[in-house]
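Enquirer:
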């Protein structure tokens, strides 16, 4: 049976996942742009590697299937089989099966051969089916012992490298793609029998002086050094010895470990604050020497914690491409099912995001894409009639802005029908007729986030049942993010997801009001200003603050939070914050300071509280609520801002 | 302790004694500053810092709409664990840990068996004293608080006039 926890198997499965994505990318590219030898080779190589590994680990169904895949790909490469729709569909279906098989293996179950798929593959191969062993391949890949060899490349693998024979296999495959390989020790058969030592000798028909070996060798995993031997008569001259010190640039870390490290870093942050606290108390008592020592320790701890925190945070960052690269396939399948031509344009996939935030956008992205393809984009006839190109376009982009990531999904379809949306909301009982008539365009658009609004005609097999966008919005709010929509009739719809960079530690501004300390994410505060009586004016019963010729509505934080009754008492400071409707000045009693704060969730028992995104533990052990000005304003019925 | 027995942590609220299964009690701490969370569910009085974790706290006196008679020195927070959540219960005082056998627990009288009494899992009478066994799940639920002060009195009156059957 297959032990899914065995380390070798784990490594293999992780590789299979990577390779499947490479294959998918390659196949989709071939589908879009037609026959292309480079892409074909990439897909072929990936299949070959999976086959090798599967054979070694004795996973027959997997090995057999990939063997057939390989043969089919080879047949296409040699133009014996045309690259038509049927072939591409079958190849993609094979990938689906492989993916399933991998998932089964991960769960500890042995995958079963899909007879239909196998028959399909065989059928496409026709009489071309190659029953012989893999090394009997058309020219360029022969491995017969050939007396003509101009040099021998000796590759040494890292001593503790796992799956040596697979590594050697990979190296051999890579070598064959770039050079004329006439033989190897161990041979390919040996490798398939798992007979491999720490080095691989490749006999090449290449000119060592004219060939760049190192760039290719760098791509071979676990190769730490290489030698070139020239088989001169009576002379074994070692030419160049380069110690590559090739080490894998990335490692796989368990997410649990990262979470643990981050928690530790978080605790250090709290300790550092505590230390500062004790320090200031000591200073008051004038114990100077001890104070100096403590200060030094605190500074040192400060530097260490900053580095630790930064390092761990970076360890948690993953590029958005992890999610984005699954989408082309989804879009292809969806557009096929909807009979529409869709072009997906992706940019900014290198933008990095905290792993945990990633989890929250996976589903929303898929949901919005589905909506765009199913409902947003018109079918080709409608589009041509409207003077648009028959193929619809969906643009997916990601960018870094201040301390947020903004992901934009924009389509050039028919846009949101505001009136129809309004009607639906009224019939669903979400708003009254009266309220509907007074709605602003923005409020009308935002109706899209109401639960349960999909009409019957929209409940297609592929799209949601009206539960989607409201869930998306809720989930995003949970992580201090938000979603916005904009739309123009006939021009298209655009969704923007605003996400925090990290969920755990932020730069905070501490303020106090009536002896309670509150924390604001520094990013949410434009400026902190002292409040001078002469700058405060009253306009139609509301207080406003005048700063450098700009007017801001002035509200006391305490009053907004419901902790105090409105009074004419003036606060001493005000925080200028950006909220949905503009800028507002929040009155507080004093500014305590800036510090790194660890975000502690309020917990599922309390759930989501508008305006409060969590709490943080201060140096003296007391709790300060972390305030989000935007949702706070909304919750208080938001006063109009400047 | 046998299967037949139960250990209860007994605490005082407005002069009445209540008990909770000790298996659900994580710890008992002295009263500390509770930070109020605006617009949190009404049942939540606020949050406290328990060794680095944020714990919500419920004021049971408010929850049960009783009148506090507590001596602030003895006020405690009983931290219970429920459904993987830690929640603090504010009480006037914690008096003891009682060992009772299951047959000493009488169900609340059918006469008063309506929604208000969902909080009660049973009544234990020990030495002229009544300990009301709480159904933690109900106590912690976010549902509307019910007027049970009157019910409590009724319950204790009823029970004190009966003799508890024991075998």
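Residue numbers (this note's numbering), protein chains in the order written: chain A, 102 to 743; chain B, 6 to 172. Here a beta-carbon is modelled for each residue, glycine too, at the ideal position from N, C-alpha and C.
Of all the options A/364, A/132, A/330, A/271, which has the alpha carbon lying nearest to the alpha carbon of residue 320 of chain A?
Expert: For the purposes of this step, residue 320 of chain A is taken as residue 219 along the first chain, with counting starting at 1. Checking every option, the nearest Cα to that of residue 320 of chain A belongs to A/271.
Enquirer: So, helix, strand or coil for residue 580 of chain A, using DSSP?
Expert: Counting from one through the first chain, the residue named residue 580 of chain A turns up at place 479. Three-state DSSP puts residue 580 of chain A in coil, outside helix and strand.
Enquirer: So what does DSSP say about residue 95 of chain B, is it helix, strand or coil?
Expert: Here residue 95 of chain B refers to the residue found at position 90 when the second chain is read from its first residue. Reduced to three states, the DSSP call for residue 95 of chain B is strand.
Enquirer: Is residue 54 of chain B helix, strand or coil when you go by DSSP?
Expert: Position 49 of the second chain holds residue 54 of chain B. Strand at residue 54 of chain B.
Enquirer: Count the other C-beta atoms from every protein chain shown that fall within 10 angstroms of the C-beta of residue 539 of chain A, then say buried if there are 16 or more, exposed otherwise.
Expert: Against the first chain, residue 539 of chain A aligns to sequence position 438. By the neighbour-count rule (16 or more Cβ atoms within 10 Å), residue 539 of chain A is not buried but exposed.
Enquirer: Does the beta carbon of residue 143 of chain B sit closer than 8 Å to a beta carbon anywhere in chain A?
Expert: Here the question's residue 143 of chain B lines up with position 138 in the second chain. Judged by the 8 Å Cβ criterion, residue 143 of chain B is not in contact with chain A.
Enquirer: When we look at the beta-carbon of residue 54 of chain B and count the other beta-carbons within 10 Å, is it buried (16 or more) or exposed?
Expert: In the second chain, counting from the first residue as 1, residue 54 of chain B sits at position 49. Its Cβ being crowded by 16 or more others within 10 Å, residue 54 of chain B is buried.
Enquirer: To the nearest angstrom, how far is the alpha carbon of residue 506 of chain A from that of residue 371 of chain A?
Expert: Translated into positions along the first chain, residue 506 of chain A becomes position 405. Translated into positions along the first chain, residue 371 of chain A becomes position 270. Residue 506 of chain A and residue 371 of chain A: Cα-Cα distance of roughly 27 Å.
Enquirer: Can you tell me where the beta strand (DSSP E) holding residue 600 of chain A begins and where it ends?
Expert: For this step, residue 600 of chain A is matched to residue 499 along the first chain. Residue 600 of chain A -> beta strand (DSSP E) spans 593-601.
Enquirer: Helix, strand or coil: how does DSSP classify residue 392 of chain A here?
Expert: Mapped onto the first chain, residue 392 of chain A falls at position 291. Note: residue 392 of chain A maps to helix in three-state DSSP.
Enquirer: Counting only the same chain and skipping the five closest in sequence on each side, list residues whose C-beta sits under 6 Å from that of residue 317 of chain A.
Expert: Along the first chain, one-based indexing puts residue 317 of chain A at 216. Closer than 6 Å at the Cβ level, and outside the excluded window around residue 317 of chain A, lie 279.
Enquirer: Pull up the CB-CB distance for residue 219 of chain A and residue 163 of chain A, whole angstroms please, since I reckon it's below 8 Å.
Expert: Position 118 of the first chain, counted from the first residue, corresponds to residue 219 of chain A. Position 62 of the first chain, counted from the first residue, corresponds to residue 163 of chain A. Wrong, their Cβ atoms sit about 12 Å apart, outside the cutoff.
Enquirer: Give the secondary structure of residue 257 of chain A by DSSP, where H, G and I count as helix, E and B as strand, and everything else as coil.
Expert: For this step, residue 257 of chain A is matched to residue 156 along the first chain. Strand, per DSSP.
Enquirer: Between residue 13 of chain B and the rest of its own chain, which residues show a CB-CB distance below 6 Å, the 5 nearest in sequence each way excluded?
Expert: Residue numbering aside, residue 13 of chain B sits at position 8 when the second chain is read from its first letter. Same-chain partners within the cutoff: 24, 103.
Enquirer: Within the same chain, show all residues whose beta-carbon is closer than 8 Å to that of residue 100 of chain B, passing over the 5 residues directly before and after it, in chain order.
Expert: For the purposes of this step, residue 100 of chain B is identified with residue 95 of the second chain, where counting begins at 1. 15, 16, 17, 22.
Enquirer: Verify the CB distance criterion: does residue 722 of chain A have a CB-CB separation below 8 Å to chain B?
Expert: Sequence index remark: in the first chain, residue 722 of chain A carries index 621 (1-based). With 8 Å as the cut-off, residue 722 of chain A counts as an interface residue toward chain B.
Enquirer: Which partner residues does residue 252 of chain A have in the DSSP bridge list?
Expert: Within the first chain, numbered from 1, the residue matching residue 252 of chain A stands at position 151. In DSSP, residue 252 of chain A forms a bridge with A/305.
Enquirer: At the level of alpha carbons, what is the spacing between residue 462 of chain A and residue 49 of chain B?
Expert: Within the first chain, residue 462 of chain A is the residue found at index 361, counting from 1. Within the second chain, residue 49 of chain B is the residue found at index 44, counting from 1. Approximately 31 Å, taken between the alpha carbons.
Enquirer: Taking only beta carbons into account, state which residues of the region 38-63 of chain B come closer than 8 Å to chain A, listed in chain order.
Expert: Of all residues in the region 38-63 of chain B, 38, 40, 41, 42, 43, 44, 45, 46, 49, 52, 53, 54, 57, 58, 59, 60, 61 have a Cβ within less than 8 Å of some Cβ in chain A.
Enquirer: With DSSP as the reference, label residue 730 of chain A as helix, strand or coil.
Expert: The residue given as residue 730 of chain A occupies position 629 in the first chain. Helix, per DSSP.
Enquirer: If we ignore side chains and look at the alpha-carbon of each, how far apart do residue 679 of chain A and residue 713 of chain A end up?
Expert: Residue numbering aside, residue 679 of chain A sits at position 578 when the first chain is read from its first letter. Residue numbering aside, residue 713 of chain A sits at position 612 when the first chain is read from its first letter. Whole-angstrom Cα-Cα distance: 16 Å.
Enquirer: Go ahead and pull the three-state DSSP assignment for residue 109 of chain A.
Expert: By 1-based counting over the first chain, the position of residue 109 of chain A is 8. The answer is helix: DSSP assigns residue 109 of chain A an H, G or I state.
Enquirer: Using 8 Å as the limit for Cβ to Cβ distance, is residue 667 of chain A near chain B?
Expert: Counted from its first residue, the first chain places residue 667 of chain A at position 566. So, not an interface residue.
Enquirer: Taking 8 Å as the threshold (beta carbon to beta carbon), is residue 711 of chain A in contact with chain E?
Expert: Of the protein chains in this structure, namely A and B, none is chain E.
Enquirer: Just the chain A side, please: which residues come within less than 8 Å of residue 90 of chain B by C-beta, in chain order?
Expert: In the second chain, the residue the question calls residue 90 of chain B occupies position 85. Going along chain A in sequence order, the residues near residue 90 of chain B (Cβ under 8 Å) are 704, 705, 706.
Enquirer: Could you spell out where the beta strand (DSSP E) holding residue 674 of chain A opens and where it closes?
Expert: Taking the first chain and counting its residues from 1, one reaches residue 674 of chain A at position 573. Element bounds for residue 674 of chain A: 674-680.
Enquirer: For residue 458 of chain A versus residue 580 of chain A, is the C-beta spacing smaller than 8 Å?
Expert: Working through the first chain from its first residue, we reach residue 458 of chain A at position 357. Working through the first chain from its first residue, we reach residue 580 of chain A at position 479. Contact flag set, yes.
Enquirer: Name the DSSP bridge partner or partners of residue 111 of chain B?
Expert: Locating residue 111 of chain B in the second chain gives position 106, where the first residue counts as 1. Note: residue 111 of chain B sits in a beta bridge opposite B/128.
Enquirer: Is the separation between the beta-carbon of residue 512 of chain A and that of residue 477 of chain A shorter than 8 Å?
Expert: The residue given as residue 512 of chain A occupies position 411 in the first chain. The residue given as residue 477 of chain A occupies position 376 in the first chain. Contact: yes.
Enquirer: Give me the Cα-Cα distance between residue 308 of chain A and residue 137 of chain A, rounded to the nearest whole angstrom.
Expert: Stepping through the first chain from its first residue, residue 308 of chain A is reached at position 207. Stepping through the first chain from its first residue, residue 137 of chain A is reached at position 36. Near 28 Å, if we compare the C-alpha coordinates of residue 137 of chain A and residue 308 of chain A.
Enquirer: Taking 8 Å as the threshold (beta carbon to beta carbon), is residue 726 of chain A in contact with chain B?
Expert: Taking the first residue of the first chain as 1, we reach residue 726 of chain A at position 625. By this cut-off, residue 726 of chain A is an interface position.
Enquirer: Quick one: list the residues of chain B neighbouring residue 580 of chain A, beta-carbon separation under 8 Å, in chain order.
Expert: Counting from 1 along the first chain, the entry for residue 580 of chain A is found at position 479. By Cβ distance, chain B contributes nothing, its closest Cβ being about 17 Å from residue 580 of chain A, past 8 Å.
Enquirer: Just reading off the beta strand (DSSP E) that residue 35 of chain B is part of, what are its end residues?
Expert: Counting from one through the second chain, the residue named residue 35 of chain B turns up at place 30. Its beta strand (DSSP E) spans residues 30-35.
Enquirer: How many whole angstroms separate the CB atoms of residue 693 of chain A and residue 618 of chain A, which I take to be in contact at a CB cut-off of 8 Å?
Expert: Within the first chain, residue 693 of chain A is the residue found at index 592, counting from 1. Within the first chain, residue 618 of chain A is the residue found at index 517, counting from 1. Going by Cβ atoms, the distance from residue 693 of chain A to residue 618 of chain A rounds to 6 Å, so yes, they are a contact pair.
Enquirer: Based on Cα-Cα distance, which residue from A/331, A/656, A/324 lies nearest to residue 671 of chain A?
Expert: For the purposes of this step, residue 671 of chain A is taken as the residue at position 570 of the first chain. Among A/331, A/656, A/324, the Cα nearest to that of residue 671 of chain A belongs to A/656.
Enquirer: Would you report the Cα separation of residue 607 of chain A and residue 623 of chain A, rounded to the nearest angstrom?
Expert: Taking the first residue of the first chain as 1, we reach residue 607 of chain A at position 506. Taking the first residue of the first chain as 1, we reach residue 623 of chain A at position 522. Cα-Cα distance, rounded: 8 Å.
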